[in-house]
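Some notes on the structure that comes next.
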Amino acid sequence: MTEPKRVLHIVSAMERGGAETLIMNIYRHIDRKKVQFDFITHSDKPGDFDQEIKEMGGNIYHIPSLGSSGPIRYLKALINIISANKYTAIHAHTDFQSGFPALAAKICKIKHRICHSHSNNWLQNGWKGLLMLKGLQFLIKISATKLCSCSEEAARFLFGSSSKVHILKNGININEFLTAGEGCKEQILNELCIPSDSKIIGHIGRFSESKNHQFLLEVLKKMVEKDSSYIALLVGDGPLRKTIELEAVRLRLQNHVRFLGVRSDIPNLMKAFDLFLFPSKFEGFGIVLLEAQCSGIPCVVADTVPKSTDMDLGLVTFLPLVENVSRWCNCIEHSLKIEKPNESLISNNISKYGFNIRDTVHDWINLYGLRSVG
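Sequential numbering of the sequence shown, starting at 9, is according to our numbering.
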């Protein structure tokens with residue numbers, strides 16, 4: 009029996025972030041007898057998806073990050089793994105650090121070397137940060153054979169406006185969200201001891217600076233002052249979770265917020281949300297916003313999120329973060345009155361705009377030069 013072609017993905021950690029969730033959606037839907045995924049991560053701790061990866065036939069290699077090991081040792085570690093395996097392609101998802109895996113693959117004579125932008129913001133400020141960004145962009149330019157991005161905004165951020173970039177849409181499993189049980193809301197509210205007449209504001213995302221949980225709490229505070237039935241369900245984990253938990257107490261919102269941690273039942277949780285609130289400071293795309301629309305939930309979203317996330321279902325309202333909290337509250341109240349679109353329209357629109365997971369799988373397989381196995 010012919011061995012499957014193998015593709016190596018480089019990620020920070022296989023946790024339940026947007027990019028990682030996308031990769032796993034692709035992995036679940038490819039023909040794994042013909043194509044297999046391996047992973048290099050930068051964390052010694054087990055990732056949320058590690059066990060599933062191993063069960064599906066993938067290998068996971070843990071190496072120290074670029075920041076902790078330095079450029080030379082990091083490059084050597086990459087070369088050691090790549091040279092010890094027969095890879096058809098390497099696919100780097102580490103944004104501005106992606107040039108190092110691409111360079112290592114180039115040294116190892118890997119034909120397909122892909123750098124993939126999933127963000128649209130550079131956290132390093134000042135002239136030193138800008139100089140570093142230019143250097144990392146140059147490394148990508150001379151090392152990668154293909155540049156990919158989840159949106160036009162993310163493409164311009166990492167590769168500049170003059171580069172030829174493949175826009176790879178972040179597809180989702182539409183049926184997974186459409187078919188989540190209608191009884192899920194009652195079940196989840198019971199599980200969390202939340203009254204059935206509560207108005208549920210949902211958010212799913214890593215507790216990091218970019219997700220802007222502080223602003224979310226300020227909005228919630230104002231909403232609760234007007235109507236005490238509002239409760240926020242915050243799904244995810246991350247370095248700022250403890251800070252946000254303490255801030256919720258300081259704002260006397262402890263009875264109006266539930267911190268749910270990392271969850272694997274996102275389609276069911278979405279059914280419990282009356283509204284999805286997404287005030288991110290920046291997003292490469294925001295696949296969770298696509299999932300929320302697929303669940304028929306009205307969404308109030310920062311205008312920093314790419315407009316390509318709107319599936320024209322009448323569910324998404326974009327607002328500037330510079331708008332005052334009262335404007336956001338008014339928008340939430342208005343959005344809660346929006347009627348849910350029918351499932352046929354939801355499925356048709358998401359597919360029409362190219363966000364069906366089947367189309368995304370086809371695009372990725374082509375990216376690796378493996379058309380015959382797609």
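Every residue gets a Cβ at the ideal spot worked out from N, C-alpha and C, and that includes glycine.
Since the model is a prediction, treat every value here as computed from it, not as a measurement.
In this structure, serine 218 lies away from lysine 315, with their beta-carbon atoms at least 9 Å apart. The C-alpha of histidine 50 lies about 43 Å from the C-alpha of serine 204. Sequence-distant Cβ neighbours of lysine 230 in its own chain, meaning closer than 6 Å and more than five residues away, are Val333 and Cys337. Looking at the DSSP output, leucine 16 sits in a beta bridge with Asp46 and Ile98. Between serine 127 and alanine 162, the gap from beta carbon to beta carbon is short of 9 Å. The beta-bridge partner set that DSSP reports for alanine 240 consists of Ile209 and Val265.
DSSP places lysine 348 outside any beta strand (DSSP E), giving it a letter other than H or E.
For the pair glutamate 60 and methionine 32, the CB atoms are nearer than the 9 Å cut-off. Phenylalanine 363 and histidine 17 have their C-alpha atoms some 21 Å from each other.
Judged by their CB atoms, leucine 30 and cysteine 158 are nearer to each other than the 9 Å cut-off. Out of Asp245, Gly244, Ser171 and Leu225, the CA that lies nearest to the CA of valine 257 is found in Leu225. The residues Val309 and Asp311, in chain order, have a CB closer than 6 Å to that of phenylalanine 326 in the same chain once the five nearest residues on each side in sequence are set aside. Counting only the Cα atoms, lysine 42 lies some 30 Å from arginine 271.
If the five residues before and after phenylalanine 45 are omitted, its C-beta is found closer than 7 Å to the C-beta atoms of Val15, His17, Tyr35 and Gly66, all from its own chain and listed in chain order. In the three-state reduction of the DSSP assignment, threonine 325 falls in the strand class, which pools E and B.
Proximity to lysine 13 across Tyr361, Lys149 and Ile118 peaks at Ile118, based on C-alpha coordinates. With contacts defined as CB atoms closer than 9 Å, leucine 147 and leucine 111 qualify as a contacting pair.
Distance check between aspartate 56 and each of Gly25, Gly78, Trp372 and Met64 places Gly25 closest, using alpha-carbon atoms only. Restricting attention to Leu378, Pro328, Gln301 and Ile340, the CA atom closest to the CA of leucine 353 is found in Gln301. With a threshold of 16 other beta carbon atoms within 10 Å, lysine 360 falls short and is exposed.
When rounded, the separation of the alpha-carbon atoms in leucine 242 and isoleucine 115 is 44 Å. In the three-state reduction of the DSSP assignment, cysteine 123 falls in the strand class, which pools E and B.
In the same chain as serine 206, and ignoring 5 residues on each side of it, the C-beta atoms closer than 8 Å to its own belong to Leu197, Ser237, Tyr238 and Ile239, in chain order.
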